[in-house]
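*Asks:* First the structure, which I've put down as structure tokens, then a few questions once you've had a look.
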Amino acid sequence: MTQSRSFPVALVALVAIAAAVLATSATADDHKAHKKRDHDVAREALLRREVLPLTRILAIAAERAPGEVIEVELEEAGPGRLKYDLKILAKNGRVRELELDAKTGATLKLEDD
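What the sequence shown shows, in mature numbering (1 follows the signal peptide of the UniProt record, and there is no 0), is residues -28 to -1, 1 to 85, in sequence order.
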């Protein structure tokens, strides 16, 4: 009788584990798909000349906020506008945030983080 009661408990536990594994897998797939879409959007914007290439943005950043670039993101800056958001480690050890208009390279913001 103990064996017959433990079977349903084991079955429920197995189903719960399977559901958790499937949910984790689906979330990871959604995350990968979202990242791919971000990459595709950036590439298409570059091909349409709506954004400057990253090499140009890095050169502009080196002039305006010398240091080591530790993070770069391409983000929306409003309807139909994109911006590069850079985090730069300055020689004094401070992290600076530099926002550049993605199309023109104009400085939108420069501040210590």
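Note that CB positions come from ideal geometry on N, CA and C, so glycine has one too.
Starting from residue 48, trace the beta strand (DSSP E) in both directions and tell me its first and last residue.
*Replies:* Start and end: 40 to 50.
*Asks:* How would you call residue 74, buried or exposed, if buried means at least 16 neighbouring beta carbons within 10 angstroms?
*Replies:* So residue 74 counts as buried.
*Asks:* List the whole-angstrom C-beta distance separating residue 60 from residue 77, where the pair is believed to meet the contact cut-off of C-beta under 8 Å.
*Replies:* Contact doesn't hold; Cβ gap of about 15 Å is too wide.
*Asks:* Is residue 62 buried or exposed, if buried means 16 or more other CB atoms sit within 10 Å of its CB?
*Replies:* Exposed.
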